[in-house]
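Colleague: Sequence positions in the sequence shown follow the numbering used here and run 98 to 354.
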Amino acid sequence: MKRVLLTGASGRIGSYLRGALAQDFALHLNDVADLGPARANETLFQGDLTDPDLCARMVAGLDAIAHFGGRSGIHSFADVLHSNIVGMQVLYEAARKAGVRRIVWASSNHVTGFHPVTEVIDPASPRRPDSFYGVSKSFGEDLSRFYFDRFGIETLCLRIGSCFPEPTARRMLATWLSHRDLEQLVRLGLSAGRIGHMVVYATSETREGFWHSPALRVLGYRPKDDADAFAARFDGPSPERFQGGPFATAPLAEDRA
Ligand code: 15L
Numbered sequence: 098m099k100r101v102l103l104t105g106a107s108g109r110i111g112s113y114l115r116g117a118l119a120q121d122f123a124l125h126l127n128d129v130a131d132l133g134p135a136r137a138n139e140t141l142f143q144g145d146l147t148d149p150d151l152c153a154r155m156v157a158g159l160d161a162i163a164h165f166g167g168r169s170g171i172h173s174f175a176d177v178l179h180s181n182i183v184g185m186q187v188l189y190e191a192a193r194k195a196g197v198r199r200i201v202w203a204s205s206n207h208v209t210g211f212h213p214v215t216e217v218i219d220p221a222s223p224r225r226p227d228s229f230y231g232v233s234k235s236f237g238e239d240l241s242r243f244y245f246d247r248f249g250i251e252t253l254c255l256r257i258g259s260c261f262p263e264p265t266a267r268r269m270l271a272t273w274l275s276h277r278d279l280e281q282l283v284r285l286g287l288s289a290g291r292i293g294h295m296v297v298y299a300t301s302e303t304r305e306g307f308w309h310s311p312a313l314r315v316l317g318y319r320p321k322d323d324a325d326a327f328a329a330r331f332d333g334p335s336p337e338r339f340q341g342g343p344f345a346t347a348p349l350a351e352d353r354a
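1. Quick one: residues in its chain with C-beta nearer than 7 Å to the C-beta of residue 274, no 5 flanking neighbours on either side, listed in chain order?
2. Please determine, among 130, 185, 144, 159, the residue with the shortest C-alpha to C-alpha distance to residue 124.
3. So what does DSSP say about residue 132, is it helix, strand or coil?
4. Between residue 237 and the rest of its own chain, which residues show a CB-CB distance below 8 Å, the 5 nearest in sequence each way excluded?
5. Check this for me: beta carbons of residue 250 and residue 165, under 7 Å apart or not?
6. Mind checking whether the beta-carbon of residue 164 lies closer than 6 Å to any heavy atom of the ligand 15L?
7. What I want to know is whether the C-beta of residue 365 ends up closer than 6 Å to one or more non-hydrogen atoms of the ligand 15L.
8. From which residue to which residue does the beta strand (DSSP E) around residue 201 run?
9. Where does the unbroken beta strand (DSSP E) through residue 99 begin, and where does it stop?
10. Compare the C-alpha of residue 248 against each of 193, 276, 339, 152 and name the closest.
11. Could you tell me how far apart the beta carbons of residue 214 and residue 307 are, in whole angstroms, since I believe they sit closer than 8 Å?
12. To the nearest angstrom, report how far apart residue 178 and residue 291 are at their CA atoms.
13. One question on the structure: do residue 145 and residue 129 come within less than 7 Å of each other, judged by their Cβ atoms?
14. Going by Cα to Cα distance, which pick from 101, 319, 156, 127 is closest to residue 107?
15. Do residue 264 and residue 327 have their CB atoms nearer than 7 Å?
Shown next as C-alpha cells:
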C-alpha cells in the first residue's frame, strides 16, 4: 500500500479526500485543526506546516504527498504568506530531504482570476491573480516548478475551480468540480507514470467553461459529472466580469480590518 501524506485533512475538501483515499493508501494526515480520532490506515500529525520538525516527521518514508493544506479564500497577505507561501516551502524542503518524488497540489483558478469571462484560456495563458490568495497560489506554481527543475520532484498543480457537492452559484456552471472528479484527479496524480511539472485546470464537464487543459486527457482524466445538469437552477447570464468571480472585486481583508 502506497504511503501518502494528505495535508489540510480537516478542511472542506481534505475531509472528503480523507474518506475517499483511506481504502487504498496508508495515510499520514495533517491539519492545524483537530483531526478527530485516527481510523484504519491513518497516522495523525496535527500542527502547522511552517514547523520543519513536524514536516520532517510527516514525510519520512512516504511515496507521495497530496498537499491540500493552507488558507483558502479571501485572506490578508499576512495569512497567505504564513500558510500558503512559507508553509509550502517548508513542506517541499522536507520532501526534498526525505526523497519524496511526487506531489499533487491544490493550486487554484484564482491564479488567473482576472481574465474576463469572455475568454477561454489554458495553462500557458498569462497568470493574472485576482487576490493575495491567487498570488500565493501563483507562488506555489513557481516553487513547485523550481523543485522539479532543480531536484526532479514532480508536481501536479490542480487549478481547482469550485469544488463543492453541487454548483451553488451561476458562475459554477463554468467552474464546478465534483468531489468524485477531484478524487479521480488526485488518484491519477498520485499514480501516473511520469508527470514532470504539470499545471491543469480542474473542473468537471462544463459546457460554459473558461478553461482548456489538453494535458488532462493525456493524464487519463474522464470527468463523471457535468455542471450542465444543474443549469435549470440558475437564471440569466452570469453577473461576473472576471473568471475569479467575487475574488476579483471583494475588498482586501486588510481594508476590512
Ligand atoms: C477557490 O480557490 C476557493 O478555495 C474556494 O473556496 C472557491 O471559492 C473557489 O476557489 C471558486 O473559485 O469558486
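Where a beta carbon is used, it is the ideal one built from N, C-alpha and C, also for glycine.
Being a predicted model, the structure only gives us computed values, none of them experimental.
Modeller: If we stick to the structure as given:
1. Position 177 of the sequence shown holds residue 274. Close CB contacts of residue 274 within its chain, under the 7 Å cut and outside five residues either way in sequence, are with 257, 258, 259, 260, 299, 300, 301 (chain order).
2. Looking up residue 124 in the sequence shown gives position 27. Closest option to residue 124, Cα to Cα, is 159.
3. As a working mapping, residue 132 is identified with position 35 in the sequence shown. In the three-state DSSP reduction, residue 132 falls in the coil class, being neither helix nor strand.
4. Taking the sequence shown and counting its residues from 1, one reaches residue 237 at position 140. Hits under 8 Å: 181, 182, 185, 202, 204, 254.
5. Numbered from its first residue, the sequence shown carries residue 250 at position 153. Numbered from its first residue, the sequence shown carries residue 165 at position 68. Going by C-beta atoms, residue 250 is not nearer than 7 Å to residue 165.
6. The sequence position of residue 164 within the sequence shown is 67, counting from 1. Result no, Cβ not under 6 Å from the ligand 15L.
7. The structure shown has nothing for residue 365, since the chain only spans 98 to 354.
8. Taking the sequence shown and counting its residues from 1, the one referred to as residue 201 is at position 104. For residue 201, the enclosing beta strand (DSSP E) covers residues 199-205.
9. One-based indexing of the sequence shown puts residue 99 at position 2. Taken as a continuous stretch (DSSP letters only), the beta strand (DSSP E) holding residue 99 covers 99-104.
10. On the sequence shown, position 151 is the one that residue 248 refers to. Residue 248 has its Cα closest to that of 193, out of 193, 276, 339, 152.
11. Numbered from its first residue, the sequence shown carries residue 214 at position 117. Numbered from its first residue, the sequence shown carries residue 307 at position 210. In this structure residue 214 touches residue 307 by the C-beta definition: roughly 7 Å separates them, less than 8 Å.
12. Taking the sequence shown and counting its residues from 1, one reaches residue 178 at position 81. Taking the sequence shown and counting its residues from 1, one reaches residue 291 at position 194. Approximately 31 Å, taken between the alpha carbons.
13. Against the sequence shown, residue 145 aligns to sequence position 48. Against the sequence shown, residue 129 aligns to sequence position 32. Going by C-beta atoms, residue 145 is nearer than 7 Å to residue 129.
14. As a first step, residue 107 must be located in the sequence shown, where it is residue number 10. Cα-wise, what sits closest to residue 107 is 127.
15. For this step, residue 264 is matched to residue 167 along the sequence shown. For this step, residue 327 is matched to residue 230 along the sequence shown. Yes, they are a contact pair.
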